[in-house]
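If you read the sequence shown in our numbering, its first letter stands for residue 98, the second for the next number, and so on.
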Amino acid sequence: MLDNIKIEIKETNIINRIYNSGLFTKFIKSNNRYDDYQHPKYGNKLSISLRKEFFNDGFSEATKGEFAGYSTAYIGMNPHYHYNDYKHNGNDFTVMDCINSITDILQLLNITEKEYPYCEIVNLEYGINTDLDSLDIKNLINGIIFSEKTPFITPKKEAPYFKECGTIYTKVKAYAKGLQFQNYPDYNIPLNTFRFEIKTKKAKHTRALGIYNIIDLLNPKTYNHLAEKLLKKWDNILLLNNTSTLENLSEKDKKFMFQANNPDYWQKLIKNNTRNTFANNRRKYNNILHKEDLSNLGIKKRIIDKLFYLLDSASTSKDFTQNNLRKTEILPSKKIKHSSETARISSNSEKVIFCANSPKNNIDFQQLNFFTENTLNPLRCEFAQHPKKSKLNTPKKKPYLFRTKT
């Protein structure tokens with residue numbers, strides 16, 4: 098799941114040991130503040146930037162302004178590339194693969210376990226690769242136009258199927274990973290592989306995920322937070338699908354879809370309408386397309402399936418499931434009535450649909466077969482008896498449990 102990591106080290110003994118190790122011998126550049134080096138074989142996938150300090154006030158005129166040493170080291174590493182001998186990052190990369198790769202790199206840097214607390218995380222890039230099978234990756238990338246209300250851009254003309262949006266501190270990237278490596282068939286990366294990732298460039302954003310130093314990235318449970326963050330970001334993606342059929346829609350919905358498939362429609366909403374109008378229209382658009390494979394919800398199902406697989410190697414997927422029973426919103430447009438109450442569907446599986454607003458007993462989450470093959474098919478339902486009370490914490494509003502008719 099992890100791509101680029103940048104760690105900050107201010108412990109002088111560690112800095113000097115790494116600098117004198119001969120590991121970083123490829124000089125890149127130097128200025129008044131930093132000296133930059135790379136590993137001679139791995140290039141920018143394993144690099145170091147050393148902050149200079151100079152003798153200042155309090156020293157003799159002869160030494161004032163002279164180079165005094167390095168006060169801080171910023172080490173950039175890429176665990177996914179390390180896992181593949183620094184050739185590519187286009188395959189699956191499980192939690193345990195990531196933890197083992199980070200440990201390997203720390204050993205290569207000769208950083209001991211006692212020194213791990215000195216390795217603070219300041220930059221982080223994490224995401225997943227998912228094979229779209231028969232879906233056209235080009236249609237997908239072309240259809241991704243907004244993250245919340247921020248438009249995606251194509252920063253490089255030579256890479257038309259690479260998009261990003263955000264600020265200098267946080268970016269969301271969506272691109273055709275398979276096309277990036279299409280000239281390297283030996284890597285066995287499917288051509289329709291889709292990459293979705295988040296890049297943070299400020300420590301406060303990583304700390305919001307509970308990540309402070311390298312120790313946190315060696316804890317499997319940390320990756321649940323990263324998975325949830327990826328899903329939350331994807332929920333805010335506006336993905337247009339001009340290839341969907343409109344035959345079975347009402348005239349009103351056909352008119353809406355005809356307008357909504359034009360990116361200019363969404364630009365006008367941002368410019369002219371109230372704060373919630375954009376989100377409401379995006380929700381309506383996604384609900385109409387919820388059965389389509391090439392839709393926000395269709396791609397979300399693939400992302401969820403892949404996240405389960407990546408987390409399962411560290412046995413953390415169950416925690417991820419329980420968290421997302423509460424947090425993940427899948428948006429079919431139905432409402433279900435029971436005992437004169439109305440509950441909006443928030444998640445569902447092949448046999449179980451999870452709804453809010455109930456005074457009933459707690460659900461035993463372990464019995465839910467969550468996010469299965471028919472995740473996006475929550476149509477006919479009937480009331481089902483609750484399992485025995487669970488010791489797991491549940492929301493104050495207890496859930497209804499419905500079971501789909503077979």
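Note that beta-carbon positions come from the ideal geometry of N, C-alpha and C, so glycine has one too.
Whole angstroms are fine: how far does the CA of residue j sit from the CA of residue i?
i      : j      : result
Ile250 : Asn384 : 25 Å
His387 : His322 : 26 Å
Ser505 : Glu294 : Because residue 505 is not part of the residues shown, which for the chain are 98 to 503, the question remains open.
Asn345 : Pro317 : 46 Å
Leu366 : Lys123 : 51 Å
Glu163 : Arg130 : 13 Å
Glu245 : Gln364 : 12 Å
Arg148 : Leu327 : 33 Å
Val269 : Cys262 : 5 Å
Arg372 : Asp409 : 39 Å
Lys184 : Phe278 : 10 Å
Phe375 : Lys368 : 10 Å
Gly275 : Asp201 : 27 Å
Asn285 : Phe190 : 14 Å
Glu389 : Leu337 : 11 Å
Ala165 : Pro214 : 25 Å
Glu514 : Ala170 : Because residue 514 is not part of the residues shown, which for the chain are 98 to 503, the question remains open.
Thr160 : Asp132 : 20 Å
Glu348 : Thr247 : 30 Å
Asp194 : Lys296 : 20 Å
Asp543 : Asn280 : Missing from the structure shown is residue 543; the chain here goes from 98 to 503 and no further.
Pro252 : Thr264 : 13 Å
Asn153 : Tyr167 : 14 Å
Ala273 : Tyr258 : 6 Å
Leu232 : Asn197 : 33 Å
Leu203 : Asn186 : 19 Å
Asp361 : Phe355 : 12 Å
Phe405 : Trp331 : 16 Å
Phe151 : Asn128 : 13 Å
Does the distance from the CB of residue i to the CB of residue j come in under 9 Å?
i      : j      : result
Phe291 : Ala271 : yes
Leu143 : Met98  : no
Leu335 : Arg304 : no
His179 : Tyr139 : yes
Lys403 : Ile225 : yes
Asn289 : Ile241 : no
Thr227 : Ile400 : yes
Leu237 : Ile396 : yes
I'd like the list of long-range same chain contacts for residue i, defined as Cβ closer than 7 Å, with 5 residues on each side in sequence excluded.
i      : result
Thr319 : Gly307, Ile308, Asp313
Lys329 : none
Asn393 : Ile334, Leu336, Asn383
Ile208 : Ile111, Cys216
Using DSSP with H/G/I as helix, E/B as strand and the rest coil, what is residue i?
i      : result
Ser127 : strand
Tyr183 : coil
Pro317 : coil
Phe355 : helix
Phe405 : helix
Ile104 : strand
Ser198 : helix
Phe375 : helix
Lys388 : coil
Asp189 : coil
Glu222 : strand
Thr169 : strand
Asn239 : helix
Lys161 : coil
Gly395 : helix
Pro429 : The predicted model places Pro429 with a pLDDT of 38, which falls under 50 and marks its position as unreliable; any figure quoted below should be read in that light. Reduced to three states, the DSSP call for Pro429 is coil.
Leu99  : strand
Ser150 : The residue asked about is misnamed: residue 150 is Glu in this sequence, not Ser. Reduced to three states, the DSSP call for Glu150 is strand.
Pro248 : strand
Leu143 : strand
Ile208 : coil
Asp233 : coil
Asn117 : coil
Glu344 : coil
Leu203 : helix
Ordered along the chain, which non-local residues of its own chain (more than five positions away) have a Cβ less than 6 Å from that of residue i?
i      : result
Leu172 : Here residue 172 turns out to be Ile, not Leu, going by the sequence shown. Closer than 6 Å at Cβ, skipping near neighbours: Ile104, Ile145.
Lys298 : Asn220, Tyr266
Asn181 : none
Asn113 : none
Tyr382 : Ala357
Pro137 : Thr122, Lys123
Ala300 : Val219
Pro287 : Asp228, Gly275
Residues in its own chain within less than 8 Å of residue i by CB, not counting five upstream and five downstream?
i      : result
Glu212 : Glu108, Ile111
Ile199 : Leu99, Ile102, Met174, Pro176, Ile311, Leu314, Leu315
Leu407 : Met98, Asp189, Phe190, Thr191, Val192, Ile225, Tyr320, Ala324
Asn141 : Gln135, Gly173
Glu222 : Leu99, Asp100, Asn101, Ile102, Glu294, Ile295, Lys296, Thr297
Complete runs of the beta strand (DSSP E) confined to the stretch 250-311 [at least 3 residues]: 259-263, 267-273, 290-297
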